[in-house]
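*Asks:* Okay, handing you the structure first.
Residue numbers (the working numbering): -13 to 235.
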């Protein structure tokens, strides 16, 4: 959605290593914002974005206007699996319908052979992967690792909203994910207790937690004790800024 940071740049650099031609889309998609969310305030830095992409020698920047993509009211929408109503979908109803709609439009217009997505929005990545698989789209989805600052904060355009004090505090989200991962690796498998402990810790430090959940990485269902591939996903607020992050196990 523009306001490019080093996380986005890493996606582009990865794409250039694996493709002869690279297209970067920039579009702040109204369909994935709730009425009370920051659509109007979302940072738009188009000129700076283009300068950054020019340095990377990107072939095309696709920047459609809203009327091009939505000439009429978007009545045709995908029916998503129930997993889209959990985690992010529980707190942002309709969000993944907006994501799936715009991504499918971009796939139809650009017709890429490979599409690059970051792992920070892991549930989004999973839903896009499933959409491509179940709709038989001839596209490979390539996932890139999360890019972090030196203190562990996952890069995000919304980090710009943090005050100086909040920015220091923000690293605790990743530290809590790391601690939970360590506990699981050491054999502690009371996942409900681990989740509650993490939520209590963050709340004691002034966070408002939407979720802190240990899930099966293969299907994003709540983890069972015999599951092998796990992921811990979190979303929490520092003041008026909502941060999301995850860690794979």
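Where is the CB? At the ideal position from N, CA and C, for every residue including glycine.
Using alpha carbons as the reference points, say which of 84, 75, 60 and 69 lies closest to residue 17.
*Replies:* The count along the chain shown starts at 1 and reaches residue 17 at position 31. Comparing Cα-Cα distances from residue 17 to each of 84, 75, 60 and 69, the minimum goes to 84.
*Asks:* How would you write the range of the beta strand (DSSP E) that residue 46 sits in, first residue to last?
*Replies:* Along the chain shown, read from residue 1 onward, the residue named residue 46 stands at position 60. 46 to 48 is the extent of the beta strand (DSSP E) around residue 46.
*Asks:* Where residue 6 and residue 52 are concerned, what is the direct C-alpha to C-alpha distance, given to the nearest angstrom?
*Replies:* Stepping through the chain shown from its first residue, residue 6 is reached at position 20. Stepping through the chain shown from its first residue, residue 52 is reached at position 66. So the alpha carbons of these two residues sit roughly 29 Å apart.
*Asks:* Let me know the beta strand (DSSP E) ranges lying completely inside the region 158 to 228, each 3 residues or longer, listed in chain order.
*Replies:* Listed in chain order, they are 194 to 202 and 216 to 224.
*Asks:* Could you tell me which uninterrupted alpha helix (DSSP H) segments, each at least 4 residues in length, are contained entirely in the region 88 to 171, listed from first to last along the chain?
*Replies:* Fully enclosed alpha helix (DSSP H) runs of 4 or longer: 108 to 120, 150 to 155 and 157 to 171.
*Asks:* Does DSSP put residue 234 in a helix, a strand or coil?
*Replies:* Residue mapping note: residue 234 aligns to position 248 of the chain shown, counting from 1. DSSP places residue 234 in strand when its eight states are reduced to three.
*Asks:* Within a Cβ cutoff of 8 Å, which residues of the same chain sit near residue 116, ignoring the five residues on either side of it in sequence?
*Replies:* The sequence position of residue 116 within the chain shown is 130, counting from 1. Cβ within range, chain order: 67.
*Asks:* Starting from residue -2 and walking both ways along the beta strand (DSSP E), at which residues does that stretch end?
*Replies:* Translated into positions along the chain shown, residue -2 becomes position 12. Counting along the chain, residue -2 falls outside any beta strand (DSSP E), though it belongs to the alpha helix (DSSP H) covering -8 to 4.
*Asks:* Distance check for residue 219 and residue 203, CA to CA, integer angstroms please.
*Replies:* Working through the chain shown from its first residue, we reach residue 203 at position 217. Working through the chain shown from its first residue, we reach residue 219 at position 233. If I take the Cα positions, the gap works out to 10 Å.
*Asks:* Ends of the beta strand (DSSP E) at residue 68?
*Replies:* Sequence index remark: in the chain shown, residue 68 carries index 82 (1-based). That residue, residue 68, is in no beta strand (DSSP E); it is neither H nor E in DSSP.
*Asks:* What residue does the beta strand (DSSP E) around residue 9 start on, and which one ends it?
*Replies:* By one-based count along the chain shown, residue 9 stands at place 23. Unbroken beta strand (DSSP E) run through residue 9: 9 to 11.
*Asks:* State whether the region 124 to 134 contacts the region 205 to 216, with contact taken as three or more CB pairs (one from each stretch) at a distance under 8 Å.
*Replies:* Result no; under three Cβ-Cβ pairs closer than 8 Å.
*Asks:* With DSSP as the reference, label residue 81 as helix, strand or coil.
*Replies:* Working through the chain shown from its first residue, we reach residue 81 at position 95. Correct three-state label for residue 81: helix.
*Asks:* Taking the alpha carbon of residue 82 as the point to measure from, which residue in 153, 170, -6 and 109 has its own alpha carbon closest?
*Replies:* Here the question's residue 82 lines up with position 96 in the chain shown. Looking at the Cα atoms, 109 is the closest of the given residues.
*Asks:* Using the three-state DSSP reduction, which class does residue 30 fall into: helix, strand or coil?
*Replies:* Position 44 of the chain shown, counting from 1, holds the residue named residue 30. Coil at residue 30, not helix or strand.
*Asks:* Does the region 16 to 33 touch the region -8 to 2, meaning 3 or more C-beta pairs lie closer than 8 Å?
*Replies:* The answer is no - the region 16 to 33 does not touch the region -8 to 2, with fewer than three Cβ pairs under 8 Å.
*Asks:* Would you identify the three-state DSSP class for residue 18, choosing helix, strand or coil?
*Replies:* One-based indexing of the chain shown puts residue 18 at position 32. Of the three classes helix, strand and coil, the one that applies to residue 18 here is helix, per DSSP.
*Asks:* On the criterion of 16 or more Cβ atoms from any shown chain inside 10 Å, does residue 97 qualify as buried, or is it exposed?
*Replies:* Within the chain shown, residue 97 is the residue found at index 111, counting from 1. Burial call: exposed.
*Asks:* Put residue 24 into one of helix, strand or coil per three-state DSSP.
*Replies:* As a first step, residue 24 must be located in the chain shown, where it is residue number 38. In this structure, residue 24 counts as coil in the three-state DSSP scheme.
*Asks:* Between which residues of its own chain and residue 198 is the CB-CB distance below 6 Å, once the five residues before and five after are set aside?
*Replies:* As a first step, residue 198 is located in the chain shown; it is residue number 212 there, counting from the start. Same-chain partners within the cutoff: 181, 184, 185 and 220.
*Asks:* Using CA atoms only, rank isn't needed, just tell me which of 59, 228, 74 and 39 is closest to residue 111.
*Replies:* Sequence index remark: in the chain shown, residue 111 carries index 125 (1-based). If we check each option's Cα against that of residue 111, 74 comes out closest.
*Asks:* Within the continuous alpha helix (DSSP H) that includes residue 55, where are the two ends?
*Replies:* Walking along the chain shown from the start, residue 55 turns up at place 69. Looking at the DSSP string, the run of the alpha helix (DSSP H) that includes residue 55 is 52 to 55.
*Asks:* How about residue 227 and residue 148: do their beta carbons lie closer than 8 Å?
*Replies:* Taking the chain shown and counting its residues from 1, the one referred to as residue 227 is at position 241. Taking the chain shown and counting its residues from 1, the one referred to as residue 148 is at position 162. In this structure, residue 148 lies closer than 8 Å to residue 227 by Cβ.
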